[in-house]
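A.B. asks:
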Amino acid sequence: MADAITFTHVVKKYGDATVLNDLTFGIPQGKITTILGFSGAGKSTLMKHILGLTRPTSGKIVSLGKDMSELDELGLREFRRNFGMVFQYAALFDFLSAFENVAFPLREFTKLKESEIKKKVESLMQAVELVPESWHRLPSELSGGMRKRVGLARALALEPRIMLYDEPTSGLDPISTQVVSDLIASTAAKNQDRKLTSLVISHDVRASLRISDHIMFLERGQIVEYSTVEGFKNSQNPIIRRFLEL
Amino acid sequence: MQDVLKNYVEGIGASILGLVNGLGKFSNFAGQVFFWAIQPPIRLKLLMDQMYFIGNKSLFIIGLTSLFSGAVFALQMYLGIKAINMDSIVGPVVAISLAKELAPVFAGLVVAGRCGSAMAAQIGSMKVTEQLDALEVMGINAHQYLAVPRVVGATLSMPLLCGIFMLIGNLGSWLVGVQVLGIDEVMYFQKLSDFMTLSHVAEGLIKSAAFGFLIGMIGSYHGFEVKGGAEGVGKGTNLAVVWGMVTVLVSDYFISSFLTKIL
Ligand SMILES: Nc1ncnc2c1ncn2[C@@H]1O[C@H](COP(=O)(O)OP(=O)(O)O)[C@@H](O)[C@H]1O
Ligand SMILES: [Mg+2]
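Those protein sequences? They're chains A and B, same order as listed.
In short: position in the first sequence from 1, add 1071, done, that's the numbering used here.
Counting from 1, position 92 in the second sequence corresponds to residue 78 in the numbering used here; the numbering is continuous, with no gaps.
1) If I follow the unbroken alpha helix (DSSP H) through Leu191/B, where does it start and stop?
2) Do you know whose CA, among Ser1273/A, Asn1262/A and Leu1267/A, lies nearest Ser1252/A's CA?
3) Can you check whether the C-beta of Gly1122/A is within less than 7 Å of a C-beta belonging to chain B?
4) How far does the alpha helix (DSSP H) with Ser1189/A in it extend, from its first residue to its last?
5) At a CB distance below 7 Å, what residues from the region 114 to 125 of chain B approach chain A? Give them in sequence order.
6) Helix or strand or just coil, what does DSSP make of Gly1130/A?
7) Tell me which same chain residues have a C-beta within less than 7 Å of the C-beta of Asn1153/A, skipping the five on either side of it?
8) Since I believe Pro1210/A is in contact with Leu1163/A (beta carbons under 8 Å), could you give me their beta-carbon distance rounded to a whole number of angstroms?
9) Out of curiosity, what's the CA-to-CA distance linking Gly41/B and Cys101/B?
10) So Ile1098/A and Ala1075/A are supposed to be a Cβ contact under 8 Å. How far apart are they, rounded?
11) Counting only the same chain and skipping the five closest in sequence on each side, list residues whose C-beta sits under 6 Å from that of His186/B.
12) At 4 residues or longer, what runs of the alpha helix (DSSP H) sit wholly inside the region 33 to 115 of chain B?
13) Count the other CB atoms, across all protein chains shown, that sit within 10 Å of the CB of Pro145/B; report buried if there are 16 or more and exposed otherwise.
14) Per DSSP, which residues does Pro1099/A bridge with? Please list them.
15) Taking C-beta pairs closer than 8 Å, name the residues in chain A that Met112/B reaches, listed in chain order.
16) Ligand 1 and Lys213/B: does any heavy atom of the ligand fall closer than 6 Å to the residue's C-beta?
17) Kindly indicate the opening and closing residues of the alpha helix (DSSP H) around Gly17/B.
18) Can you pull the DSSP bridge partners for Thr1089/A?
19) For Thr1299/A, verify whether its CB is less than 6 Å away from any heavy atom of ligand 1.
20) Sort Gln1159/A, Ser1168/A and Leu1229/A by Cα distance to Lys1191/A and report the nearest one.
21) Check whether the Cβ atoms of Thr223/B and Ala107/B sit closer than 7 Å, and answer yes or no.
22) Buried or exposed, going by whether 16 or more other CB atoms sit within 10 Å of the CB of Gln25/B?
23) Around the Cβ of Thr1248/A, are there at least 16 other Cβ atoms within 10 angstroms (buried) or fewer (exposed)?
24) Can you list, in chain order, the residues of its chain whose CB lies under 8 Å from that of Val1090/A, leaving out five sequence neighbours each side?
25) Return the residue from the list Ala16/B, Ile154/B and Gly214/B that minimises the CA-CA distance to Phe46/B.
26) Can you give the Cα-Cα distance for Met1217/A and Met1287/A, rounded to whole angstroms?
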């Protein structure tokens, strides 16, 4: 299977600190890949590079067949529409209702009629199992788990080719954690035919082992382990063993 | 003793460096806002929302302060001028003061306090909850989406508010001067039309637009500069008010001396 994203000798330095240290890897298309690692390992920085929000100090990033270094500022903005991103705390626009948050990308980037937008948003809301009573509430009136779902629906609105999740379950209770990770898996399954690629950043080992196809473990900007879930579970690397026992 | 002096000098040095650094960042921010103001799309709805928000937040206070500033100014003028039997001059003196200084400056202070702070708070809390990142990830520039409508909205709203301040201020002046103190009404309006010119009004309106522009820039800037959590938002809100008000008062002198030359 082809890779949706490839990093080749990517280095990122902030001043003297090397945050990404010579990373070379590929993220397979149509699969769920999870990047695990402790806080400060460089996970979010890696994701920012994929979106072109920051550029590498050296090395090459190819995303959906496009060399990111060839894109200028406006080109990058266009390019980012291939991505849907779910943020750690959902990052819903606090001045818009749940419904309007999901409608937002449709209003900004499509020429759909009001009735079509309504239909589309409703089906997205149903896909993330959000009950109609909460559709017209403001984000501040929703629980953490509900906000995550709205964030997921908003990220899916433009039918992205790659879904990015930054710590999707942190700060949630055990039940919402289960629901949200199941949603990540079911979203991937439903979009299997169009080869949706999912990349999840997490430090939740159990959920990751359950839903992922591949797992990468990052520490101090370097890949410690990168394999299938089975390979990861059986890894003999002492760092991974310690992490699995947490 | 030497240490105290050394610390003192170093303290001053650090503040100056901080100010220069801040000015550099602010210019960079202003450059971004200018650049994105002229890129498509033009977001009229957001602009209207901002103008409505600014009017809504400040109209009542502006109505109240303008009525009483006009009234008290008329009273003080009357007391000062009555002795030399020139009480009918109260009308134009108050009107010209309102037009050139009181209306733009007071309206500026109200909008800086009510709206500059709100801009910093809104943008700042969006920043700490990653909403700005969410815009950027969707390919929407946060400066264009958030700062541009606020800066343009404040620039366009301020002359309206300033004009309202002038009108109601003169109403206060007329109430006290003519109705309470008994200045002859015909003379009051006669003198008003003799001395008052359109350029007085124009000076105030242009100045108020400049204040609105600065307040919008400063409020948005301190929102974008917020770091950390809720605490950072509070700090940014405070900075927006303080710098907004100081900037209105300081720039008033420079804009006035410039405008008197060209008007
Ligand atoms: N813009 C930046 N400037 C300087 N250092 C940064 C910046 N962004 C991240 N870092 C540093 O890079 C390291 C990795 O950060 P991050 O990618 O956020 O880690 P993670 O998401 O794995 O917790 C941290 O030490 C962080 O302080
Ligand atoms: Mg992170």
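From the three backbone atoms N, C-alpha and C, an ideal C-beta is built for every residue, glycine too.
This one's a predicted model, so the numbers in the text were calculated from it and none came from an experiment.
C.D. replies: Let me lay it out:
1) What you label residue 191/B is simply residue 205 of the second sequence in a count that begins at 1. Note, Leu191/B: alpha helix (DSSP H), Leu184 to Phe210.
2) For the purposes of this step, residue 1252/A is identified with residue 181 of the first sequence, where counting begins at 1. Comparing Cα positions, the closest option is Ser1273/A.
3) Taking the first sequence and counting its residues from 1, the one referred to as residue 1122/A is at position 51. Correcting the residue identity first, residue 1122/A is Leu in this sequence and not Gly. Chain B contact via Cβ: present.
4) As a first step, residue 1189/A is located in the first sequence; it is residue number 118 there, counting from the start. Reading off the sequence shown, one finds Lys at residue 1189/A, where the question assumed Ser. That run of the alpha helix (DSSP H) goes Glu1185 to Ala1198.
5) Thr115, Glu116, Gln117, Asp119, Ala120, Glu122, Val123, Met124 and Gly125
6) Within the first sequence, residue 1130/A is the residue found at index 59, counting from 1. If DSSP states are grouped into helix, strand and coil, Gly1130/A belongs with the strands.
7) Against the first sequence, residue 1153/A aligns to sequence position 82. So the qualifying residues of the chain are Leu1135, Pro1231, Arg1232 and Ile1233.
8) In the first sequence, counting from the first residue as 1, residue 1163/A sits at position 92. In the first sequence, counting from the first residue as 1, residue 1210/A sits at position 139. Indeed, because the Cβ distance is near 4 Å, the residues count as touching under 8 Å.
9) Taking the second sequence and counting its residues from 1, one reaches residue 41/B at position 55. Taking the second sequence and counting its residues from 1, one reaches residue 101/B at position 115. One C-alpha to the other measures close to 9 Å.
10) By 1-based counting over the first sequence, the position of residue 1098/A is 27. By 1-based counting over the first sequence, the position of residue 1075/A is 4. Right, their Cβ atoms sit about 5 Å apart.
11) The sequence position of residue 186/B within the second sequence is 200, counting from 1. The residues are Ile82, Ala85 and Lys86.
12) 76 to 83, 89 to 97 and 103 to 114
13) Position 159 of the second sequence, counted from the first residue, corresponds to residue 145/B. Buried, by the Cβ-count rule.
14) Counted from its first residue, the first sequence places residue 1099/A at position 28. In the DSSP output, where bridge partners are listed per residue, Pro1099/A has Asp1074/A.
15) Reading the second sequence from its first residue, position 126 is the one you call residue 112/B. Residues of chain A passing the Cβ test: Phe1164 and Asp1165.
16) As a first step, residue 213/B must be located in the second sequence, where it is residue number 227. No, since every heavy atom of ligand 1 falls outside the 6 Å radius drawn around the Cβ of Lys213/B.
17) Against the second sequence, residue 17/B aligns to sequence position 31. Gln(-12) to Ala23 is the span of the alpha helix (DSSP H), which, as asked, contains Gly17/B.
18) The residue you call residue 1089/A lines up with position 18 of the first sequence. According to DSSP, which records beta bridges pairwise, Thr1089/A is partnered with Lys1084/A.
19) For the purposes of this step, residue 1299/A is identified with residue 228 of the first sequence, where counting begins at 1. No - ligand 1 has no heavy atom lying nearer than 6 Å to the Cβ of Thr1299/A.
20) In the first sequence, the residue the question calls residue 1191/A occupies position 120. Checking every option, the nearest Cα to that of Lys1191/A belongs to Leu1229/A.
21) Along the second sequence, one-based indexing puts residue 223/B at 237. Along the second sequence, one-based indexing puts residue 107/B at 121. In this structure, Ala107/B lies closer than 7 Å to Thr223/B by Cβ.
22) On the second sequence, residue 25/B is found 39 positions in, with the first residue counted as 1. Under this definition Gln25/B is an exposed residue.
23) Working through the first sequence from its first residue, we reach residue 1248/A at position 177. Its Cβ being crowded by 16 or more others within 10 Å, Thr1248/A is buried.
24) Here residue 1090/A is taken as the residue at index 19 of the first sequence, counted from 1. Taken in chain order, the residues that qualify are Lys1083, Lys1084, Gly1113, Thr1116 and Gly1292.
25) Residue 46/B sits at position 60 when you count from the first residue of the second sequence. For Phe46/B, the nearest C-alpha among the options comes from Ile154/B.
26) Sequence index remark: in the first sequence, residue 1217/A carries index 146 (1-based). Sequence index remark: in the first sequence, residue 1287/A carries index 216 (1-based). Going from the Cα of Met1217/A to the Cα of Met1287/A covers about 28 Å.
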